[in-house]
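Visitor:
Residue numbers (my numbering): 1 to 268.
1) DSSP state of residue 254, grouped into three classes?
2) Along the chain, where does the alpha helix (DSSP H) that runs through residue 145 open and close?
3) Whose C-alpha, out of 43, 191, 155, is nearest the C-alpha of residue 66?
4) Here's a check: name, in chain order, each residue in its chain whose Cβ is nearer than 6 Å to the Cβ of residue 178, leaving out the five neighbours to either side.
5) Taking 6 Å as the limit between beta carbons, can you name the residues of its chain near residue 48, skipping five residues before and five after?
6) Identify, in the order they occur along the chain, each residue of the same chain with its Cβ nearer than 7 Å to the Cβ of residue 101, setting aside the five sequence neighbours on each side.
7) Assign residue 51 to buried or exposed, taking buried as 16 or more other Cβ atoms, counted over all protein chains shown, within 10 Å of its Cβ.
8) When the Cα of residue 42 is compared with those of 104, 18, 29, 26, which residue comes out closest?
9) To the nearest angstrom, how far is the alpha carbon of residue 151 from that of residue 63?
10) Residue 195: buried (16+ other C-beta within 10 angstroms of its C-beta) or exposed?
11) Where residue 235 and residue 98 are concerned, what is the direct C-alpha to C-alpha distance, given to the nearest angstrom?
12) Following the continuous alpha helix (DSSP H) through residue 206, name the residue where it begins and the one where it ends.
13) For the alpha helix (DSSP H) that contains residue 30, what are its first and last residues?
14) Can you give the Cα-Cα distance for residue 14 and residue 40, rounded to whole angstroms?
15) If contacts are defined as beta-carbon pairs under 8 Å, then residue 83 and residue 205 qualify, I think. What distance do you get, rounded to the angstrom?
16) Kindly list the residues whose CB is nearer than 7 Å to the CB of residue 247, restricted to its own chain and excluding five residues on each side of it in sequence; keep chain order.
17) Between the alpha carbons of residue 147 and residue 3, how many angstroms are there, rounded?
18) Enumerate in chain order the residues of its own chain whose CB-to-CB distance from residue 22 is below 7 Å, with the five nearest sequence positions on each side excluded.
19) For my contact list, residue 131 and residue 44 are in at a C-beta cut-off of 8 Å; report their separation, rounded to the angstrom.
20) Out of 176, 193, 96, which has the shortest C-alpha to C-alpha gap to residue 276?
What follows is the structure, encoded as structure tokens:
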């Protein structure tokens with residue numbers, strides 16, 4: 001199903017939709033909240049809804065052809081474990097990036113550590129959490145693990161598709177390395193199960209915990225989180241340990257998931 005979808009059209013429509021919505025909203029001089037809500041709806045609802053709706057209708061298929069609850073329950077414990085390792089790796093990798101930047105670009109470190117003010121509107125907070133925790137994971141998995149991964153496998157190889165689609169996914173996130181490895185794991189989960197719902201659950205669990213940390217416990221975890229310039233050095237030891245341990249587990253998880261995976265295009 002995904003093999004028939006043109007990735008370049010999805011990218012093109014996303015760019016066009018974003019530009020048109022942004023220009024329109026600027027001309028209408030809407031509020032910042034309205035601008036953000038409409039932009040998110042265009043990116044995560046309207047454009048993908050039209051794109052995937054067209055292809056599913058064209059092939060007389062249902063979304064349940066690529067999503068299935070069957071067999072997903074047994075994967076849930078592993079998904080929670082993978083998310084825990086992924087979050088630990090991302091937090092410690094963020095510290096490493098700050099540690100490297102601190103001597104050369106302290107201004108950039110200050111910018112990255114600047115606290116983001118939380119919105120006051122309850123409905124806007126609810127919308128933001130829903131977007132982060134549900135909309136973004138579902139749409140991004142359809143885009144990256146569905147269309148892009150399968151198209152790239154068809155044009156290169158299984159690992160060519162995994163690595164390049166994960167690289168694109170990583171570049172589009174602030175945590176490039178962590179997002180890249182997350183993309184590799186999500187790709188392997190999809191290819192092993194042939195069920196897009198498994199990486200979607202992985203993504204939802206990850207983003208839900210991230211949203212909870214942002215809105216409910218912004219000071220967590222205090223033992224390793226970096227809140228100011230001094231923390232970069234005073235919390236170096238626990239972050240180094242967490243980075244090494246989480247990296248070992250990430251690599252082990254990728255190795256385990258990749259065992260027995262065909263290296264040719266027989267997955268298509």
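All residues carry an ideal CB built from backbone N, CA and C; glycine is no exception. Please read these numbers as outputs of a predicted model, since none were measured by experiment.
Guide: Well, looking at it:
1) In this structure, residue 254 counts as helix in the three-state DSSP scheme.
2) Run containing residue 145: none; DSSP gives neither H nor E here.
3) Answer by Cα proximity: 191.
4) Result list for residue 178: 89, 90, 93, in chain order.
5) These residues qualify, in order along the chain: 139.
6) Here the set comprises 108, 109.
7) By the Cβ neighbour-count rule, residue 51 is buried, with 16 or more other Cβ atoms within 10 Å of its own.
8) With respect to the C-alpha of residue 42, the residue from 104, 18, 29, 26 having the closest C-alpha is 18.
9) Distance between the alpha carbons of residue 151 and residue 63: 18 Å.
10) By the beta-carbon neighbour count (other beta carbons within 10 angstroms, threshold 16), residue 195 is buried.
11) Those two C-alpha atoms are separated by around 12 Å.
12) Counting along the chain, the alpha helix (DSSP H) containing residue 206 begins and ends at 197 to 215.
13) Looking at the DSSP string, residue 30 is not in any alpha helix (DSSP H), and its letter there is neither H nor E.
14) Going by the C-alpha atoms only, they are around 11 Å apart.
15) Indeed, because the Cβ distance is near 5 Å, the residues count as touching under 8 Å.
16) So the qualifying residues of the chain are 89.
17) Within the model, the alpha-carbon separation for residue 147 versus residue 3 is close to 7 Å.
18) Cβ within range, chain order: 39.
19) 6 Å between Cβ atoms; contact.
20) Outside the shown range of the chain (1 to 268) lies residue 276, about which nothing can therefore be said.
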